[in-house]
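Positions 766 to 822 (our numbering) are the ones given, in order, by the sequence shown.
Cβ coordinates follow ideal geometry from the N, Cα and C atoms, glycine included.
Remember, it's a predicted structure, so these values are computed and weren't measured experimentally.
The structure appears right after this line, and notes come after that.
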Amino acid sequence: MLSPDLLDLLRDYRREAQPAGWLFPGKPKINPISARQLSRAFNSAKHVVGISKSATL
């Protein structure tokens, strides 16, 4: 399901960050990232790259 490039990025992230539990920890770190945190990160990334169209996860 993941592209080879994305899989490589995720492997690099896991190797560098070495998360103890969740691949993407939330706050507190014992919990996974929340849907709201993910939505904020997604919208922030859209803004950074200049995507103005509406999009959802």
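Mapping DSSP to helix, strand and coil, what is P793?
On the sequence shown, residue 793 is found 28 positions in, with the first residue counted as 1. P793: coil per DSSP, three-state reduction.
Per DSSP, what kind of secondary structure is L803 in: helix, strand or coil?
Residue mapping note: residue 803 aligns to position 38 of the sequence shown, counting from 1. L803 falls in the helix class under three-state DSSP.
Check whether the Cβ atoms of L803 and L822 sit closer than 8 Å, and answer yes or no.
Position 38 of the sequence shown, counted from the start, is the residue given in the question as residue 803. Position 57 of the sequence shown, counted from the start, is the residue given in the question as residue 822. In this structure, L822 lies closer than 8 Å to L803 by Cβ.
Nearest residue (CA-CA) to N808, options A820, P784, I798:
Your numbering for residue 808 matches position 43 in the sequence shown. Out of A820, P784, I798, A820 has the C-alpha closest to the C-alpha of N808.
Between the C-alpha atoms of S799 and K811, what's the straight-line distance to the nearest angstrom?
Translated into positions along the sequence shown, residue 799 becomes position 34. Translated into positions along the sequence shown, residue 811 becomes position 46. Rounded to whole angstroms, S799 to K811 spans 18 Å at the Cα level.
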